[in-house]
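S.K.: Heads up: the sequence shown runs through residues 1 to 272, numbered per the working numbering. Just so you know, even glycine gets a beta-carbon here, dropped at the ideal spot from N, CA and C.
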Amino acid sequence: MVLSNFEVPIGKKKDYTYLALLNYFKMRYRFSLAITEQLVQDVIRIIKILSSDYVREGQILRFVVSNSEPPGKALKDCRFVLVKLTIYAPGDKEYRKSRGLKELKLRVIQRITGEAFDQGGSLSQEDIADILFLDRRTVVDYIKELESRGIEIFTRAKLNRIKNHPLPKTKVIKMFLEGAHEEEIASKTYHDTAFIKKWVEEFLQTSFFYHRGISPRFIPKITGIDPESIREYLQIYDSLAKGEKELLQSLRNFFSLYERASLSGIFKEHIF
């Protein structure tokens with residue numbers, strides 16, 4: 001398979017899985033290619049989420065309303081998505097010792113609402129109350145306190161408002177390109193370090209292949225990253241190209257490094 005003079009290998013396990021499922025669903029149910037591809041992506045995503053090594057200690061799985069559903073829509077009519085939430089992360093114990101239980105609760109609220117949103121879901125105030133064993137009024141007060149500090153909380157009730165605000169991924173990626181380390185970013189944003197590393201790695205992969213002229217429609221097949229995330233990463237890339245010249249140059253420095261090293265590191269497994 002050749003795309004824009006760039007050969008895409010299909011010898012890896014994940015590529016065989018993708019192609020095998022694609023062919024099976026297409027032949028078994030005779031769906032259109034577009035429907036079949038979306039179905040395969042959903043199946044692989046669920047398999048990944050439910051695999052035993054995907055959920056770490058301190059994390060839970062929960063079905064929440066998709067963030068594509070407007071606030072106020074009846075739950076029975078909403079689409080739900082499965083998300084992974086980090087209830088307890090390394091550093092939380094020390095954070096509680098130094099800041100107290102209330103501050104830890106605020107930290108967890110910011111973390112899990114951001115995680116849910118970045119996985120295509122949205123937590124309601126009731127979800128947060130249920131997960132953290134709080135009453136709803138306390139959750140409302142905690143969210144107000146966080147917002148008074150200038151921290152945007154991604155709850156279902158705020159969906160219309162936050163659609164025009166930068167996503168957590170945008171902030172994380174910009175901090176990384178400014179030179180911050182993943183652990184430093186995690187401590188400042190309250191996101192789990194694993195999510196930070198995942199977002200940074202996926203953004204670098206996406207923007208690298210896009211930089212090399214690969215069509216966005218083929219990048220999910222090359223990288224295994226879902227199409228919606230690819231669109232988000234490319235939006236961030238475009239915003240850097242339009243108004244963040246220093247950060248764009250920092251990104252290009254990464255590209256040069258990988259190219260000089262024969263596309264080693266996180267890209268090597270996708271190419272050789």
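If we require 3 or more residues per run, which beta strand (DSSP E) segments fall completely within the segment 151-209?
M.R.: Segments of the beta strand (DSSP E) lying fully in the segment 151-209: there are none.
S.K.: DSSP three-state label for F31, please.
M.R.: Reduced to three states, the DSSP call for F31 is coil.
S.K.: What does the alpha-carbon distance come out to for the pair E37 and I44?
M.R.: Rounded to whole angstroms, E37 to I44 spans 11 angstroms at the Cα level.
S.K.: Grouping DSSP H, G and I as helix and E and B as strand, with all else coil, what is V64?
M.R.: Note: V64 maps to strand in three-state DSSP.
S.K.: Looking at the structure shown, is Q59 part of a helix, part of a strand, or coil, going by DSSP?
M.R.: Three-state DSSP puts Q59 in a strand.
S.K.: Let me know the secondary structure DSSP gives G121 once reduced to three states.
M.R.: G121 falls in the strand class under three-state DSSP.
S.K.: So for F255, helix, strand or coil by DSSP?
M.R.: Residue state, collapsed to three classes: helix.
S.K.: Please classify L75 as buried or exposed, where buried requires at least 16 other C-beta atoms within 10 Å of its C-beta.
M.R.: That one is exposed.
S.K.: Name the one or two DSSP bridge partners that L146 has.
M.R.: Answer is none; L146 lacks a bridge partner.
S.K.: Tell me the start and end of each unbroken beta strand (DSSP E) in the segment 80-113 that is at least 3 residues and wholly inside, in chain order.
M.R.: The qualifying runs are 80-86.
S.K.: Start and end of the alpha helix (DSSP H) containing R212?
M.R.: Unbroken run through R212: none, as it is neither H nor E.
S.K.: Indicate the three-state DSSP secondary structure (helix, strand or coil) for E269 in the structure shown.
M.R.: Only weak support is given to the placement of E269: the predicted model assigns it a pLDDT of 46, under 50, and the question is left unresolved by the model.
S.K.: Taking the alpha-carbon positions, what's the A129 to E184 distance?
M.R.: So the alpha carbons of these two residues sit roughly 28 angstroms apart.
S.K.: Can you have a look at F176 and say buried or exposed, based on whether 16 or more other CB atoms are within 10 angstroms of its CB?
M.R.: When all chains shown are included, F176 counts as buried.
S.K.: Please classify N253 as buried or exposed, where buried requires at least 16 other C-beta atoms within 10 Å of its C-beta.
M.R.: Under this definition N253 is an exposed residue.
S.K.: Spatial neighbours of G58 within its chain, please: CB distance less than 7 angstroms, with the 5 preceding and 5 following residues excluded, ordered by chain position.
M.R.: For G58, where only same-chain residues beyond five positions count, the Cβ hits under 7 angstroms are T86, I87, Y88, A89.
S.K.: Give every residue of the same chain whose Cβ lies closer than 7 angstroms to the Cβ of F6, excluding the five residues on either side of it in the sequence, and list them in chain order.
M.R.: Low per-residue confidence applies at F6: pLDDT is 31, beneath 50, and the placement is therefore not dependable enough to give any value.
S.K.: Going along the chain, which residues of its own chain have a beta-carbon closer than 8 angstroms to the beta-carbon of D118, five neighbours each way excluded?
M.R.: These residues qualify, in order along the chain: L167, P168, K169, F195, W199.
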